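Chemist: Have a look at this one.
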Amino acid sequence: MSILAAALLLLTSGTGPAGSIGAPALVLPLDERNPVGAVIADAGRAEDVRRLSALFSSTPSLFPLRGLVGAVRLGFVQPFAVPEIARAVTQPAAEGSARPYRAVARFAARAFGIECTLGEERSTLPVADPQGAIFALDFLLNESNLIITQALAPALGDGNRERIARAAIATADSTTSRAAQLPDALSRAMQASASIDRSAFVRAAGHFDTALAVSGEWKTFETEALPDELKGAVDGTVLSTQFVPEIGWLVIGGTGPNRYDMTKVAAVFDIAGDDRYEWGAGVVGSRLVIDVAGNDSYTGTRTANGLMPIAGPGGAACGVSVIDDYAGNDHYECPQNALGAAVLGVGIIIDRAGDDTYVGGTWTIGAAFAGIGAVCDLGGSDQYSSEMFSQGCGGPGAAALLLDASGNDRYRADGTTASAYDTPTVHASFSQGVGFGYRAGAAGGVGALVDLAGDDRYEAGEFGQGCGYYLSMGILRDGGGNDLYYGNRYAQGTAAHQAFGVLLEDGGDDIYWSMTAAGQGAAWDMSVAVLVDRAGDDRYQADGLSQGAAAQQAIGMLIDLAGHDDYRAAGASQGAADSNAYHWDTSHCTSLGVLRDTEGPNRFSTGRSDGEQRMTGSPTAKDGVNQWGVFISR
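Under this note's numbering, think of the first position of the sequence shown as 19, with each following residue one higher.
What follows is the structure, given as structure tokens:
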């Protein structure tokens, strides 16, 4: 079954601009029974919409060798159903708190456009003593490691996997320009990753969907002396160790505080205590930590000569890396490829309780390149801080997820990387539900940030908060609460260069603030961008090309379904279009910007009136300039 056929089977109940994806589409531009379709029909612009839809449908054929994932292909087939596609892709995460590994696997399968065979039933492993813990570690890590090793072998052969992995994560920030060239090492990594069977990533993640029944009086078990091979690598009491040739040393920790050097230990089961897990610079392969109790610390650091970790806590490089922390207020920190991240593998953190902190650099906190990266934090009020390509960032051939199930959380991804546009005091982020591809030659993946509850705060720089960049899809989905969104150019449901960006906000009195340009349902260059707010009295503040705006044969939509709202923006905004010069000579296609607010009273800053329904743009404009927009208030 092809990727596109599988994606259609999994997600769609119809095709074309008037179709739907598992739920009625909010915007049906060719259906006169839909308010947007009625305005377009009255203005006599249905043929322009048909031509634009046909342009999108033909786009995948322009990139046959760039590894488009299924959700992205489906977006091109049904551009006006992108909000419904994004909701369908993230629905496993929204429903998955009870079984987070299955949620990650099902999310990734929908992102890739492949089937996931995990069912309702799952096995249970009893862990009542150290030997039971050894068996659990071996069962979970050995099989998943084998799945990934076998999947990578045809693509990577006997190549230096550390070199390939480092190349994949080291140069992303230098390849956003159309003119940029991929470094040779990165180009080889891209070619290798394109041939990997993505179902292996899904199966490896799903293998951890096994319940552990932890019981017993662990304080009564005798301690063991460390073998010589682990001396200096483990501090504290140890209940058992075992060497497994395929994966390495397994260690069962006691009830007190322990320290583990994860460059030498493959897997740990620790029953209690405030523990420290340390990653050095050279961890390549597979790792597993199951920590049952305590306030724990997971860190990865540079070497004395400044070498960055190739894989840190919960970070995989050509393998599998999983942390499952059951309780406590925990701290996770690493500068690169860590905290639920992966390059050519699967990296997952499950944190089941506590008020936790995550501090990451690039490619961290739910990020991936050719694989699956995920963080599922299931309880507490948490803080996430990172530099770039993070917090739900899906790179080429990847599915990345940051899921937070509860609490009042803070997300910050406004680091030190200079603006992609040289804007003073502004930084590039590519974080918080972002899909990212290399314009120099590789399609992106799907990145999602899903927060199910709480009054949350999101801070980002450029490219963030439900943003797609080059043949990718980025999704931010918030389940409710009074939330604050703060970002710069391309923030809050935006997309550029044949991509899809979606922000889905399900309730609460929210504040959206996007600066400089292109925000809040703004799309550029054959892209689709959507912001959907379902309830609450909301405030929208933006600059030019915002609030349901599009340019260069794109589709931008802002849809607010309830509440008394305030909109402030400048330039071509609030149901408008700008230039269409990019592809005018070859396509004669226009754009479509839509602002639809279904309840009032509302206030608008661009001369729009509450209660008004109209088409915007001039029929006499040259080369499609400012064509077309739809504005509907109530």
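No residue lacks a Cβ here, since even glycine has one placed at the ideal position from N, Cα and C.
Note that the structure is a prediction, hence the values are computed from the model and not measured.
#1: Tell me the residue span of the beta strand (DSSP E) that contains Ser315.
#2: Spell out the partners DSSP gives Met406 in its beta bridges.
#3: Expressed to the nearest angstrom, what Euclidean distance is found between the alpha-carbon atoms of Arg457 and Tyr487?
#4: Rounded to whole angstroms, what is the Cα-Cα separation between Asp524 and Gly497?
#5: What's the C-alpha gap between Gly499 and Asp422?
#6: Can you tell me whether Gln570 is buried or exposed? The criterion is at least 16 other CB atoms within 10 Å of its CB, across all chains shown.
#7: Going by DSSP, what residues sit across from His349 in a beta bridge?
#8: Assign Leu80 to buried or exposed, taking buried as 16 or more other Cβ atoms, counted over all protein chains shown, within 10 Å of its Cβ.
#9: Mind checking Arg140: buried by the 16 CB within 10 Å criterion, or exposed?
#10: So, is Asn323 buried or exposed, given that buried needs 16 or more other C-beta atoms within 10 angstroms?
#11: Taking Asp543 as the reference, which of Phe74, Leu143, Ile58 and Ile328 has the closest Cα?
#12: How is Pro263 classed by DSSP in three states: helix, strand or coil?
#13: Starting from the C-beta of Gly34, find all residues in its chain whose C-beta is less than 6 Å away, skip the five residues before and the five after it, and write them out in chain order.
#14: Just to confirm before moving on: does the CB-CB distance between Ala386 and Ala416 stay below 8 Å?
#15: Would you please verify whether the beta carbon of Thr281 is less than 8 Å from any beta carbon of chain B?
#16: Report the partner residues of Cys411 according to the DSSP bridge assignment.
#17: When DSSP labels each residue in this structure, what does Ile529 get in the three-state scheme?
#18: How far does the alpha helix (DSSP H) with Gly611 in it reach, from first residue to last?
#19: Can you give me the C-alpha to C-alpha distance between Tyr585 and Gln354, rounded to a whole angstrom?
#20: Between Leu22 and the rest of its own chain, which residues show a CB-CB distance below 6 Å, the 5 nearest in sequence each way excluded?
#21: Does Pro118 come out as helix, strand or coil in the three-state DSSP assignment?
#22: Here's the rule I'm using: 16 or more other beta-carbon atoms within 10 Å means buried, otherwise exposed. How should Ser20 be labelled?
#23: With a threshold of 16 other CB atoms inside 10 Å of the CB of Ala231, please say whether the residue is buried or exposed.
#24: What do you reckon, are the CB atoms on Gly537 and Ala580 nearer than 8 Å?
#25: How about the region 402-409 and the region 364-384: do they share at least three Cβ pairs that are nearer than 8 Å?
#26: DSSP three-state call for Leu26: helix, strand or coil?
#27: With burial defined as no fewer than 16 other Cβ atoms inside 10 Å of the residue's Cβ, what is the status of Gln168: buried or exposed?
#28: With a 10 Å radius around its C-beta and 16 neighbouring C-beta atoms as the bar for buried, classify Glu65 as buried or exposed.
#29: Classify Gln354 as helix, strand or coil using the three-state DSSP reduction.
#30: Here's the rule: buried if 16 or more other CB atoms are within 10 angstroms of the residue's CB, otherwise exposed. What is Leu396?
#31: Nearest-angstrom Cα distance between Ala126 and Gly455?
#32: If you reduce the DSSP assignment to three classes, tell me which class Met633 lands in.
#33: Going by DSSP in three states, Trp602 sits in which element: helix, strand or coil?
#34: Less than 8 Å between the C-beta atoms of Tyr429 and Arg495, yes or no?
#35: Quick check on the DSSP output: the alpha helix (DSSP H) that includes Val54 runs from which residue to which?
#36: How big is the Cα-Cα spacing for Ala478 and Met533?
Modeler: The relevant details are as follows:
#1: Numbered from its first residue, the sequence shown carries residue 315 at position 297. It spans Ser315 to Gly318 - the beta strand (DSSP E) in which Ser315 sits, taken as one unbroken run.
#2: Against the sequence shown, residue 406 aligns to sequence position 388. In the DSSP output, where bridge partners are listed per residue, Met406 has Thr380.
#3: For this step, residue 457 is matched to residue 439 along the sequence shown. For this step, residue 487 is matched to residue 469 along the sequence shown. C-alpha separation (whole angstroms): 9 Å.
#4: Your numbering for residue 524 matches position 506 in the sequence shown. Your numbering for residue 497 matches position 479 in the sequence shown. Asp524 and Gly497: Cα-Cα distance of roughly 5 Å.
#5: On the sequence shown, residue 499 is found 481 positions in, with the first residue counted as 1. On the sequence shown, residue 422 is found 404 positions in, with the first residue counted as 1. Using only the alpha carbons, I get a separation of about 13 Å.
#6: As a first step, residue 570 is located in the sequence shown; it is residue number 552 there, counting from the start. Buried, by the Cβ-count rule.
#7: For the purposes of this step, residue 349 is taken as residue 331 along the sequence shown, with counting starting at 1. Ser315 and Thr375.
#8: For the purposes of this step, residue 80 is taken as the residue at position 62 of the sequence shown. By the 10 Å Cβ count, Leu80 comes out exposed.
#9: Residue mapping note: residue 140 aligns to position 122 of the sequence shown, counting from 1. Exposed: under 16 other Cβ atoms inside 10 Å.
#10: The sequence position of residue 323 within the sequence shown is 305, counting from 1. Exposed: under 16 other Cβ atoms inside 10 Å.
#11: The sequence position of residue 543 within the sequence shown is 525, counting from 1. Of the candidates Phe74, Leu143, Ile58 and Ile328, the one whose C-alpha sits nearest the C-alpha of Asp543 is Phe74.
#12: Locating residue 263 in the sequence shown gives position 245, where the first residue counts as 1. Correct three-state label for Pro263: coil.
#13: In the sequence shown, residue 34 corresponds to position 16, counting from 1. Legend: pLDDT at Gly34 = 38, less than 50; position of this residue unreliable, value from coordinates given subsequently. Answer for Gly34: no residue qualifies.
#14: Mapped onto the sequence shown, residue 386 falls at position 368. Mapped onto the sequence shown, residue 416 falls at position 398. Yes, the pair counts as a contact, with Cβ atoms nearer than the cut-off.
#15: The question asks about chain B, but that chain is absent: this structure has only one protein chain.
#16: In the sequence shown, counting from the first residue as 1, residue 411 sits at position 393. Cys411 pairs with Ala385 and Val452.
#17: For the purposes of this step, residue 529 is taken as residue 511 along the sequence shown, with counting starting at 1. In the structure shown, Ile529 sits in a strand (DSSP, three-state: E or B).
#18: By 1-based counting over the sequence shown, the position of residue 611 is 593. Where Gly611 is concerned, there is no enclosing alpha helix (DSSP H), although the beta strand (DSSP E) it sits in stretches over Leu610 to Asp615.
#19: Walking along the sequence shown from the start, residue 585 turns up at place 567. Walking along the sequence shown from the start, residue 354 turns up at place 336. The straight-line gap from Cα to Cα measures roughly 38 Å.
#20: Indexing the sequence shown from 1 puts residue 22 at position 4. For Leu22, the predicted model reports a pLDDT of 46, less than 50, meaning its position is unreliable and no value from the coordinates is stated.
#21: Here residue 118 is taken as the residue at index 100 of the sequence shown, counted from 1. Correct three-state label for Pro118: helix.
#22: Counting from 1 along the sequence shown, the entry for residue 20 is found at position 2. Note that Ser20 scores 49 on pLDDT, short of 50, meaning its location in the model is unreliable; the coordinates nonetheless yield the value given after this. Result: exposed.
#23: Here residue 231 is taken as the residue at index 213 of the sequence shown, counted from 1. Label assigned to Ala231: exposed.
#24: Sequence index remark: in the sequence shown, residue 537 carries index 519 (1-based). Sequence index remark: in the sequence shown, residue 580 carries index 562 (1-based). No, they are not a contact pair.
#25: yes
#26: For this step, residue 26 is matched to residue 8 along the sequence shown. Caution is warranted here: a pLDDT of 48 is assigned to Leu26, below 50, making its placement in the model unreliable, and no coordinate value can be reported.
#27: If you number the sequence shown from 1, residue 168 lands on position 150. Classification of Gln168: exposed, given that the 10 Å Cβ count is below 16.
#28: By 1-based counting over the sequence shown, the position of residue 65 is 47. Label assigned to Glu65: exposed.
#29: As a first step, residue 354 must be located in the sequence shown, where it is residue number 336. If DSSP states are grouped into helix, strand and coil, Gln354 belongs with the strands.
#30: To locate residue 396, count along the sequence shown from 1; it is residue 378. Leu396 is buried by the Cβ-count criterion.
#31: What you label residue 126 is simply residue 108 of the sequence shown in a count that begins at 1. What you label residue 455 is simply residue 437 of the sequence shown in a count that begins at 1. So the two alpha carbons sit approximately 17 Å from each other.
#32: On the sequence shown, position 615 is the one that residue 633 refers to. Strand.
#33: Counting from one through the sequence shown, the residue named residue 602 turns up at place 584. Reduced to three states, the DSSP call for Trp602 is helix.
#34: As a first step, residue 429 must be located in the sequence shown, where it is residue number 411. As a first step, residue 495 must be located in the sequence shown, where it is residue number 477. No.
#35: Within the sequence shown, numbered from 1, the residue matching residue 54 stands at position 36. Here the alpha helix (DSSP H) through Val54 covers Pro53 to Ala61.
#36: The residue given as residue 478 occupies position 460 in the sequence shown. The residue given as residue 533 occupies position 515 in the sequence shown. Rounded to whole angstroms, the gap between the alpha carbons of Ala478 and Met533 is 11 Å.
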